[in-house]
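A.B. asks: Following the numbering used here, the residues of the sequence shown are numbered contiguously, the last one being 454.
So that we are looking at the same thing, I have put the structure below in structure tokens.
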Amino acid sequence: MLVAAAEYLTYTEAVGLYHRLQSEAGIVSLVKNYGPATLPFGDGLYFRLLIEEEDVEGARQIVQEFEQQRTERAAARCPRCGSYNAWPEPEARQPWYKRLFYAGTTMYRCHNCGEEFSG
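Following this line, the structure appears as structure tokens:
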């Protein structure tokens, strides 16, 4: 019987996990549409990965690592010097035209070189 190994995945995430399970553990899985239907075709908005019940133990560690990587926020890296010492710039410190131009994005400032960039 097939059981869900991971749910609410994008297509890219589902295919990536499918290949990882197959290459690292030799587990064959099935990628299936899942979730609310989208228009105009009615396909599911998300995907789920199904595996056989006897493969659950072998897939547990790979799926846990995948979920952890999926939920962790990537650290902001400065495009100029490559440093990870970049932090979000408070909106109150930005001029009005930058707040308008970069609306909906987070502005970062590198504390090594002073570069401002959007994340």
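Here a beta-carbon is modelled for each residue, glycine too, at the ideal position from N, C-alpha and C.
If you're wondering where the values come from, they're calculated on a predicted model, not measured in any experiment.
Closest to residue 369 by C-alpha separation, out of 392, 360, 345, would be which residue?
C.D. replies: Looking at the Cα atoms, 345 is the closest of the given residues.
A.B. asks: Report yes if the C-beta distance between residue 401 and residue 360 is below 8 Å; otherwise report no.
C.D. replies: Not closer than 8 Å, so no.
A.B. asks: Is the separation between the beta-carbon of residue 339 and that of residue 374 shorter than 8 Å?
C.D. replies: In this structure, residue 374 does not lie closer than 8 Å to residue 339 by Cβ.
A.B. asks: Going by DSSP, what residue range makes up the alpha helix (DSSP H) through residue 360?
C.D. replies: Unbroken alpha helix (DSSP H) run through residue 360: 346-360.
A.B. asks: Looking only at DSSP bridge pairs, what is residue 421 linked to?
C.D. replies: Beta-bridge pairing links residue 421 to 445.
A.B. asks: Based on the DSSP output, what are the partners of residue 383 in its beta bridges?
C.D. replies: BP columns for residue 383 point to 367.
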